[in-house]
Amino acid sequence: MRRFIMMKSYWPIQPHPPNIERCEGNSKGGQKQIHFQDGAGPGTMFLSGKAASSILMRHKRYNTGRLEEFVEGNLERECNEEKCSWCSLGYSGANCEIVLPLKCSVHNGGCQHLCQDDPIKKVICSCARGYQLAEDGRSCKPTVPYPCGMVSAPEVVSKHITRSMVDYIENNSTSIGHRNATKPYENAEDIVPVTEDPFTKIVGGADSLKGEFPWQVLLLNKNKVGFCGGSIVNEKWIVTAAHCFIEPVEFVVVAGEHNTAAEDGTEQYMNVAQIIPYPRYNATSSKYVNDIALVKLAMPMTFNDYVKPICIGTKNFTEELLRSRQFSVVTGWGELRYKGRQAIILQKLAVPYVNRDICKKTSRSIHRNMFCAGYSDQSGDSCRGDSGGPHATEYNKFWFLTGITSWGEKCAEKDKYGVYTKLSTFTSWVLAVTSHLE
1 MRRFIMMKSY WPIQPHPPNI ERCEGNSKGG QKQIHFQDGA GPGTMFLSGK AASSILMRHK
61 RYNTGRLEEF VEGNLERECN EEKCSWCSLG YSGANCEIVL PLKCSVHNGG CQHLCQDDPI
121 KKVICSCARG YQLAEDGRSC KPTVPYPCGM VSAPEVVSKH ITRSMVDYIE NNSTSIGHRN
181 ATKPYENAED IVPVTEDPFT KIVGGADSLK GEFPWQVLLL NKNKVGFCGG SIVNEKWIVT
241 AAHCFIEPVE FVVVAGEHNT AAEDGTEQYM NVAQIIPYPR YNATSSKYVN DIALVKLAMP
301 MTFNDYVKPI CIGTKNFTEE LLRSRQFSVV TGWGELRYKG RQAIILQKLA VPYVNRDICK
361 KTSRSIHRNM FCAGYSDQSG DSCRGDSGGP HATEYNKFWF LTGITSWGEK CAEKDKYGVY
421 TKLSTFTSWV LAVTSHLE
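This is the structure in structure tokens:
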């Protein structure tokens with residue numbers, strides 16, 4: 001089984017304003033140099049990835065079809081492509097003289113969570129459930145003990161896993177390929193709904209740490225076999241895929257699960273009170289169009305470090321987050337390969353968003369409420385049994401739900417991608433229904 005191998009790389013973070021005038025590079029084996037505004041320098045720059053990222057904003061290029069770090073080093077190209085940036089948020093230019101327009105499409109309007117454009121105030125910041133706006137009008141502070149989208153399990157925090165998405169892709173030596181062929185699928189039997197086989201797995205993924213994804217739940221049938229995943233919205237509601245319930249099934253929701261072969265001591269087994277598919281979901285016409293459902297629990301969960309919700313953003317925020325971030329993470333228990341053995345430990349895989357035109361060329365069944373994510377070179381994918389699980393994206397160290405695992409043609413098939421329900425289409429419905437906790 002191919003594992004998700006990581007590599008050391010620079011990672012874009014919000015720049016800080018050092019006393020810098022410009023950066024220069026030399027194509028003849030020289031080194032990058034920094035010229036300071038006080039006349040000091042030039043000085044050779046040997047910095048750690050984190051320190052370098054505070055000066056150099058990385059602009060990833062995809063014309064090669066690969067991560068930039070796999071291209072042979074070239075200092076002339078580097079200095080042309082990298083932009084020295086020391087300006088505060090909202091400013092740009094050689095001397096930070098350009099005031100960037102204050103709007104949500106530019107750095108999310110400076111908001112830590114959600115942003116809404118306003119004709120008078122320019123932008124209005126707001127927060128996900130369980131947070132309130134701080135005095136600065138931009139950042140968010142929690143109002144509940146276990147707010148959404150934050151990872152606090154000691155097993156994870158001690159390893160600094162929550163600091164950045166780089167932790168999920170740092171060792172990834174797989175290229176980000178794109179499909180150029182236009183041949184649609186021809187065999188409907190190859191479409192994998194993640195419920196045909198129990199325990200559909202993240203193909204090419206890696207074991208997660210206990211508590212790393214505390215919003216992930218497992219749907220367990222009466223034979224104690226997992227058949228779908230889901231995400232915690234709040235104490236009484238789970239969001240998952242509607243196709244998981246095409247056939248009537250008795251099941252319980254297991255929160256706090258990590259190792260399905262052992263008692264972790266953090267599991268909570270919850271009975272179900274109600275299943276609510278999206279009103280326009282119609283399995284007769286299509287199993288995967290509007291493939292989203294809400295599950296109401298008979299009793300509320302008890303939140304702790306291992307059981308907590310994921311954040312749900314607004315429609316525009318969720319759509320922009322999905323398209324703008326380089327990677328998101330999918331998780332689940334399922335087959336390690338197509339029709340292979342199931343995963344015991346919750347798996348994780350960082351997947352890139354796939355351009356919509358490329359996505360649509362891979363199948364005639366791509367609906368406007370779906371999106372593709374993953375790799376075209378068979379390196380990693382979600383698979384049967386992962387259906388209903390989260391496609392989650394990190395923003396400012398908070399995790400937001402951006403998609404729901406829905407279907408795919410086999411698993412990690414060449415020139416194919418995983419297909420997900422686009423959550424941005426359904427955020428208003430999810431938030432409206434789940435606001436009722438009684």
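Quick note, in full-length UniProt numbering, the sequence shown goes up one by one and the last residue is 438.
Just so it is clear, CB atoms sit at the ideal spot from N, CA and C, and this is done for glycine as well.
Would you mind reading off the limits of the beta strand (DSSP E) that contains residue i?
i: Glu394; result: 390-395
i: Cys125; result: 122-126
i: Phe317; result: No beta strand (DSSP E) holds Phe317; the alpha helix (DSSP H) holding it covers 315-324.
i: Thr331; result: 328-332
i: Pro145; result: Where Pro145 is concerned, there is no enclosing beta strand (DSSP E), given that its DSSP letter is neither H nor E.
i: Gln347; result: 347-351
i: Val106; result: Here Val106 belongs to no beta strand (DSSP E), and DSSP marks it neither H nor E.
i: Ile246; result: Per DSSP, Ile246 belongs to no beta strand (DSSP E) and is neither H nor E.
i: Val272; result: 272-277
i: Val225; result: Element bounds for Val225: n/a, residue is neither H nor E.
i: Asp118; result: 114-118
i: Ala370; result: The question names Ala, yet the displayed sequence has Met at residue 370. Per DSSP, Met370 belongs to the beta strand (DSSP E) from 370-373.
Does the beta-carbon of residue i have 16 or more other beta-carbons within 10 angstroms, so that it is buried, or is it exposed?
i: Val419; result: buried
i: Lys236; result: buried
i: Pro118; result: The question names Pro, but residue 118 is Asp in the sequence shown. By the 10 Å Cβ count, Asp118 comes out exposed.
i: Gly334; result: buried
i: Gly137; result: exposed
i: Pro352; result: buried
i: Gln342; result: buried
i: Asp432; result: Contrary to the premise, residue 432 reads as Ala rather than Asp in this sequence. With fewer than 16 Cβ atoms within 10 Å of its Cβ, Ala432 is classed as exposed.
i: Glu394; result: buried
Considering only their Cβ atoms, is the gap separating residue j from residue i smaller than 8 Å?
i: Val330; j: Leu349; result: yes
i: Gly408; j: Phe371; result: no
i: Val307; j: Ala255; result: yes
i: Ala298; j: Ile276; result: no
i: Thr427; j: Thr302; result: no
i: Gly313; j: Leu321; result: yes
i: Gly205; j: Leu218; result: no
i: Pro390; j: Gln216; result: yes
i: Tyr278; j: Trp399; result: no
i: Thr266; j: Ile344; result: no
i: Val249; j: Asn221; result: yes
i: Tyr417; j: Gly374; result: yes
Between which two residues does the alpha helix (DSSP H) harbouring residue i extend?
i: Val156; result: 154-157
DSSP state of residue i, grouped into three classes?
i: Val253; result: strand
i: Ser424; result: helix
i: Val433; result: helix
i: Asp357; result: helix
i: Gly265; result: coil
i: Gly418; result: strand
i: Cys96; result: coil
i: Cys87; result: coil
i: Ala241; result: coil
i: Asn290; result: coil
i: Ala412; result: Reliability of the predicted coordinates at Ala412 is poor, the pLDDT of 48 falling under 50, and no value is obtained from them.
i: Ser285; result: coil
i: Leu102; result: coil
i: Asp136; result: coil
i: Lys32; result: Low confidence applies to Lys32: its pLDDT is 49, below 50, so where it sits in the model is not reliable enough to give any reading.
i: Trp399; result: strand
Which same chain residues, not among the five before or five after residue i, have their C-beta less than 6 Å away from its C-beta?
i: His258; result: Lys210, Asp264, Leu346
i: Ser406; result: Ala241, Tyr288, Asp291, Val419, Tyr420, Thr421
i: Ala188; result: Low local confidence applies: a pLDDT of 33 at Ala188 is under 50, so the model's placement there is unreliable, with the coordinate-based value given in what follows. Counting only Cβ-Cβ distances below 6 Å, and skipping sequence neighbours, we find nothing.
i: Glu155; result: Leu209, Lys210, Gly211
i: Gln116; result: Ile124
i: Cys140; result: Gln112, His113, Cys127, Tyr131
i: Ser424; result: Lys315, Thr318, Glu319
Apart from the five residues on each side of it in sequence, which residues of its chain come closer than 7 Å, Cβ to Cβ, to residue i?
i: Tyr269; result: Val252, Val254
i: Val144; result: Gly130
i: Pro309; result: Cys148, Trp215, Ile232, Val233, Asn234
i: Leu280; result: It should be noted that the sequence gives Arg, not Leu, for residue 280. So the list reads Asn290, once near-sequence residues are dropped.
i: Ala273; result: Lys296, Leu297, Ala298
Should residue i be counted as a contact of the ligand MN given a C-beta to heavy atom distance under 7 Å?
i: Ile232; result: The ligand MN is absent from the structure shown, which contains no ligand whatsoever.
Is residue i close to chain C, meaning its C-beta is less than 8 Å from at least one C-beta of that chain?
i: Ile292; result: Of the protein chains in the structure, only one exists, and it is not chain C.
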